[in-house]
Amino acid sequence: MDSILRVKDFLDDSWRISLQLRLVAGEEALGKEIRVGDINRPGLTLAGFYDFFAFDRIQIFGLGETAYMRQLSDEQRRRTYDRFFSYEIKCCIFTHNEEPDELFIEYANNNKVPVFVTRKDTTRFSSQITLLLDQIFSPSVTVHGTLIDVYGVGVLILGKSGVGKSECALELVERGHLLVADDMVIVKKIDESLLIGTGSPVLTHHMEIRGIGIINVQEIFGIRSVRNRKRVELVVMLEEWDNSKEYDRLGLEETSYPILDIDVPLVTVPVRPGRNIPIIVETASLNQRLKRVDIHSARELDENIQDMLKSGQRKE
Amino acid sequence: MTEREIIVKSDAGVHARPAMMLVREAMKYPCSVSLLKGNVEADCKSIMSVLGLAIVSGSRLIVRAHGEREKEVVQAIVSMIENDFRMS
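So the protein sequences, as listed, match chains X and L. According to the working numbering, the first sequence is numbered sequentially starting from 1. According to the working numbering, the second sequence is numbered sequentially starting from 1.
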C-alpha cells in the first residue's frame, strides 16, 4: 500500500502530543510528502561524508550533531549548510530542546525545509517516531471480519456473510470482552511477527445486527466495551456445519491462517443452531493463552495416556 | 471472476440507504460480491463494510464478483450505481 505522510501531519494532535514538536522554520513547506518511513542521524554527513546519505528520510539532530555544528567557524558552517541543503531534505528535527543556530534556520527557510524542535531526548524520540512511522508505512490489508479482545487475546472472527460473526461478537461484548472493529478490519504488519488490527475511522465502533440495524456499541455498552487497536493473535473461522467434513476433535495438529505472510493460529468452528459459539471463542482464546506459556492441553493428555499405556504394558 | 469499473456520480455519496440497497441486491446472488475503492476491498453483502468505504461522488469503484451468477450481479450493481439508486 502506498502510504503518504505529510510533514504537517506532525502538527496533528496525535503526533504533536506524543512527539512534543514545535515548528521553528520552513512553515511554507509543511505540505511536503514523506514517502520513506525511516529516520537518519546526519552526523557523518555534516562532517563531510556524503556517501549513502539518506536525504529522503526524516533527519534527526541529536546532541552530537548540534555540538559539532556549534564548534564550526562561520565560514565552515556556511560551507556545511550549502552542501547539506543542496539535497532535497524532507524535514529536520532537533532533540533535547536544542534550537538550531540562526544560519541553519535561514538556510531551512530559503530551501523550504521544515525544522522542528522537541523536548525529548534522541533515543526516546527516535523510538517513538519509528513506532508512529511504522503504523503508517507498514503493509496493510482490509479483512472482512470482526476483531475482538477476548481475555487479552486479539481474536479475528472470520466467516461468510450471515454465518453470525456480528451476533457472536455482540454476545462476547455483553460478556465483558472488548470490540475493536466489526465487519471491516484493517490489519497492519508492523514487523515479521506482529499484526495490529484497527477499525475503519468511518465506522468506529458501530455494528450491524440483522433485525435491529446499526448500533453504537460504545454508547450501548460503555467505554469499557471497546478498544481502538489490538494485536491479531488468533483467527476463529466460523462455518456452517457440514456433515461431510471432518472437524478437529483432538487439537493435536495446529493449523494457521496467513495474513500478510504471517501465519496466525487458526481454529475452525462449525456453527449449528443451539451451539454456543461465544463460549467456544472464549475457550479458544484461553487455550491460546495456555499455548503462549507452552501448555498444550491436547498434547499433554496424549503424552500422559501414552506414558500410562507404556507402564501398563510393562506390568502385563 | 467478473469485474467492472464505475465512477460514482451520486451527489450524496453512498450513505446508509444506498448502502442498504447495494447489500440487498448483492444478497440475492449466491456468489461473493465485493467493492474495491483504491486498495480497500469491502464485502458488498455487509452494510458496515460498504459504509466503511466512505464512497463519495467521484469515487472510482471496481465491482467484483466470483462464483455462480457473477455476471448478473455485477451488471445489477453497476446499473444501480449508474441510475443513482433510483428504483426502476
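Ideal Cβ placement from N, Cα and C applies to all residues, glycine included.
Under 8 Å between C-beta atoms, does residue 95 of chain X make it to chain L? no
Buried or exposed: which applies to residue 146 of chain X, given that a residue is buried once 16 or more other Cβ atoms fall within 10 Å of its Cβ? buried
Going by Cα to Cα distance, which pick from X/211, X/164, X/98 is closest to residue 23 of chain X? X/98
Nearest residue (CA-CA) to residue 25 of chain X, options X/71, X/115, X/241: X/115
In this structure, does DSSP put residue 93 of chain L in helix, strand or coil? The structure shown does not extend to residue 93 of chain L, since chain L is modelled only from 1 through 88, so no value can be given for it.
Report back the beta-carbon spacing between residue 235 of chain X and residue 158 of chain X to the nearest angstrom; my notes put them in contact at under 8 Å. 6 Å
Going by the CB atoms, is the gap between residue 50 of chain L and residue 14 of chain L shorter than 8 Å? yes
Where the beta strand (DSSP E) through residue 130 of chain X begins and ends: Looking at the DSSP string, residue 130 of chain X is not in any beta strand (DSSP E); the run it does join, the alpha helix (DSSP H), is 122–137.
Can you tell me which residues form a DSSP beta bridge with residue 27 of chain L? Per DSSP, none; premise fails for residue 27 of chain L.
Pairs of beta-carbons, one from the segment 193–204 of chain X and one from the segment 43–62 of chain L, closer than 8 Å: are there three or more? yes
If you reduce the DSSP assignment to three classes, tell me which class residue 257 of chain X lands in. strand
Simplified DSSP assignment, three categories, for residue 181 of chain X: strand
Buried versus exposed call for residue 276 of chain X [16 or more other C-beta atoms within 10 Å across all chains shown]: exposed
When you compare the CB of residue 242 of chain X with every CB in chain L, is at least one pair closer than 8 Å? no
Using 8 Å as the limit for Cβ to Cβ distance, is residue 12 of chain L near chain X? no
By DSSP's criteria, residue 262 of chain X is part of a beta bridge. Which residues make up the other side? X/259
Please tell me whether residue 45 of chain L has its Cβ less than 8 Å away from any Cβ of chain X. yes
Determine the burial state of residue 125 of chain X: buried for a count of at least 16 other Cβ atoms within 10 Å of its Cβ, exposed for fewer. buried
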